[in-house]
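Written below as structure tokens is the structure these notes are about.
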Amino acid sequence: MRAAVIDHDKVTVETVPDPQPAAREVVLAVAGCGICGTDLHIADGQFAPTLPVVPGHEFAGEVVAVGADVSEVRVGDQVAVDPSLYCHECYFCRRGRGNQCERWGGIGVTVTGAAAQYALAPAANCVRLPEGVSPADAALIEPLSCAVHGFDVLAPALGDHFLIYGAGTMGLMMMELAKRAGAATVSMVDVNPSRLESARELGCTAAVTSADELERPHGWDNVIDCTGVLAAIEDGLPRVVSGGTFQQFGVADEKAVARYSPFDVYRREIRIVGSMAVLRSFERAAELFAEGVLAPDVMISDRLPLEQYPAALEQFRAGIGRKIQVVP
Ligand SMILES: [Zn+2]
Ligand SMILES: [Zn+2]
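Its first residue numbered 133, the sequence shown is counted upward by one per residue in my numbering.
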């Protein structure tokens, strides 16, 4: 089969052996595979413990082969796949925090992924898609499941006001979930005008290039950073209402250090929370997706052939478009 391959100094598309399912695994014909910041980190030599690796952790497709001990999914089923691989044995797994697993792995990160014609997945990680859901669009369920976990951590109240930094795919997903979660208002900040346009199209309260343009003297109940950019983080934290929450959702550089006022956090009782990947949120994301929480044609800006994976990755790095998919 054809597959994208990330090695130390290059990204290529190559012919590699077809996958064979072990007893509790399935093989899917990939319908679509999304690209995200994690793939860039892998290409830059981070995250993946061994290279070369076939990337691709946001995917869905049709089951074309099942292992000997698989009965819950069948050949012909359309499934989305939770790429998380937990050990189920470590301190964090035993405490129900698989996303903090000490031996955390991921399809397309630590093992062969789905930027390929076919992909292997444990049967236990497959969620069947209901009739009428496009399997290519369903590749959005994985990033959506990260956003759903973000909301689990955030635990907002009805009537809350939201301020979200970054109107890329994740910011737009957080915006859609905020509306579902009973937000009074959801305002978006981004320096990229075309991204703000998408946010307006999807129905945010306001879309601005600086939060200074917004009138909310007491601040926002929930300020969510979906950029990982220090300037946005440092601008956003002081805008949390007293007693409100700041969420670090965007992935900052590992070595970055942000400035904030500990006195202000103490005095105004600000809660600061993080959110990392997927935790018991994949099924719910699949159900929300099937119910139409996202507009796939707005979220997915580009669908490129698998053979153009290197160019797709560079387009993502350049910040052009929203969710970019490769389609085998
Ligand atoms: Zn991703
Ligand atoms: Zn573990």
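Beta carbons: idealized from backbone N, C-alpha and C, even for Gly. None of the values given here were measured: they were computed from a predicted structure.
Query                                                                                                                                                     : Result
Counting C-beta neighbours from all protein chains within 10 Å, is the total for Leu-183 16 or more, i.e. buried, or is it exposed?                       : exposed
Can you find at least 3 beta carbon pairs, one from the stretch 411-422 and one from the stretch 384-393, that sit closer than 8 Å?                       : no
Taking C-beta to C-beta, are Ala-313 and Pro-288 nearer than 8 Å?                                                                                         : yes
At what residues does the beta strand (DSSP E) containing His-140 begin and finish?                                                                       : No beta strand (DSSP E) contains His-140, which DSSP labels as neither H nor E.
Mind listing, in chain order, the continuous alpha helix (DSSP H) runs of no fewer than 4 residues lying wholly within the stretch 384-452?               : 394-399, 414-422, 428-431, 441-449
With 16 other CB atoms within 10 Å as the buried threshold, where does Tyr-297 fall?                                                                      : buried
Give a yes or no on whether the C-beta atoms belonging to Leu-426 and Met-305 are separated by under 8 Å.                                                 : yes
On the three-state DSSP scale, how would you describe Asn-354?                                                                                            : strand
Which residues share a DSSP beta bridge with Lys-311?                                                                                                     : BP columns for Lys-311 are empty, so no partner.
Residue ranges of each alpha helix (DSSP H) run of no fewer than 4 residues wholly in the stretch 237-314, ordered along the chain?                       : 273-286, 301-312
Quick check on Gly-371: buried or exposed, where buried means 16 or more other Cβ atoms within 10 Å of its Cβ?                                            : First, the residue type needs correcting, since residue 371 is Arg and not Gly in the sequence shown. Buried, since its Cβ has 16 or more Cβ neighbours within 10 Å.
Please report the straight-line C-alpha distance between Cys-222 and Arg-235, rounded to a whole angstrom.                                                : 8 Å
Of all the options Tyr-441, Val-355, Asp-171, Gly-376, which has the alpha carbon lying nearest to the alpha carbon of Glu-366?                           : Val-355
With DSSP collapsed to three states, give me the class of Ser-319.                                                                                        : strand
In the stretch 189-233, which residue ranges form an unbroken beta strand (DSSP E) of at least 3 residues, counting only runs that do not cross its ends? : 190-198, 210-213
Using alpha carbons as the reference points, say which of Val-430, Ala-339, Gly-382 lies closest to Asn-324.                                              : Ala-339
Below 7 Å, is the gap between the Cβ of Thr-242 and the nearest heavy atom of ligand 1?                                                                   : no
Kindly identify the DSSP beta-bridge partner or partners of Gly-166.                                                                                      : Glu-190, Gln-457
Please state whether DSSP places Glu-366 in a helix, a strand or coil.                                                                                    : helix
Report the three-state DSSP secondary structure of Ser-374 (helix, strand or coil).                                                                       : strand
Between Arg-449, Ala-299, Gln-380, Phe-191, which lies nearest to Val-458 when the distance is taken from Cα to Cα?                                       : Phe-191
Comparing C-alpha positions only, which one of Thr-144, Pro-349, Gly-406 sits nearest to Ala-248?                                                         : Thr-144
State the DSSP-derived secondary structure class of Leu-328, mapped to helix, strand or coil.                                                             : helix
I'd like the list of long-range same chain contacts for Ala-343, defined as Cβ closer than 7 Å, with 5 residues on each side in sequence excluded.        : Leu-295, Val-321, Asp-367, Arg-371
Can you tell me whether His-140 sits near ligand 1, meaning its C-beta is under 7 Å from at least one heavy atom of the ligand?                           : no
Given a threshold of 16 other Cβ atoms within 10 Å of its Cβ, counted over all protein chains shown, does Arg-327 qualify as buried or as exposed?        : buried
Phe-421: which of Ala-175, Thr-244, Glu-263 sits nearest, CA to CA?                                                                                       : Glu-263
Report the CB separation of Pro-460 from Leu-438 in whole angstroms; it is logged as a contact under 8 Å.                                                 : 5 Å
Can you tell me the Cα-Cα spacing of Pro-428 and Arg-399, whole angstroms?                                                                                : 42 Å
Using alpha carbons as the reference points, say which of Gly-245, Met-408, Pro-394 lies closest to Ile-402.                                              : Pro-394
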